[in-house]
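Residue numbers are given in the UniProt record's numbering: position 60 of the sequence shown equals residue 60, and the series is strictly consecutive. Built from N, CA and C at the ideal position, the CB exists for glycine as well.
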Amino acid sequence: MKQKVISIGDINVANDLPFVLFGGMNVLESRDLAMRICEHYVTVTQKLGIPYVFKASFDKAKPLFHSLLPRAGPGRGDAYF
1 MKQKVISIGD
11 INVANDLPFV
21 LFGGMNVLES
31 RDLAMRICEH
41 YVTVTQKLGI
51 PYVFKASFDK
61 AKPLFHSLLP
71 RAGPGRGDAY
81 F
């Protein structure tokens, strides 16, 4: 069976290609925080020669008790605390 290759910018992802790190934030809280976190990932992955794709969610699915919690999203990540 031929492996499907997914291209993300200049990075190719497939089961038979080298490892690619997907990492970032669970939920976006602010642009500044996202940029700081991404900068740290980029610094480390460039030193190690690992391709990197930043990922984060704009809004996460709610747990069973979702009606008790405010909606998360940009600027609202501290609403849980």
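C-alpha gap between L17 and D59, whole angstroms: The alpha-carbon atoms of L17 and D59 are separated by roughly 31 Å.
Outcome for A79 when other beta-carbon atoms lying within 10 angstroms are tallied against a minimum of 16: For A79, the predicted model reports a pLDDT of 49, less than 50, meaning its position is unreliable; a value from the coordinates is still stated below. Exposed, because fewer than 16 other Cβ atoms sit within 10 Å of the Cβ of A79.
Backbone secondary structure at L28 - three-state DSSP: Here L28 sits in coil by DSSP.
Candidates E29, S57, N12: closest to L21 by CA position: Across the set E29, S57, N12, the C-alpha of N12 shows the shortest separation from the C-alpha of L21.
Whole-Å CB distance - F54 paired with G24, under 8 Å assumed: Yes, F54 and G24 are in contact; Cβ-Cβ is about 5 Å, under 8 Å.
Secondary structure of I50, DSSP reduced to three states: Assignment of I50 by DSSP, reduced to helix, strand and coil, places it in the coil class.
Cut-off 8 Å between Cβ atoms - residues of its own chain near T45, not counting five sequence neighbours on either side: If we look at T45 and ignore the five residues flanking it on each side, its Cβ neighbours are L21, P51, Y52.
Reference A34; option with closest CA among N15, A56, K4, K2: If we check each option's Cα against that of A34, A56 comes out closest.
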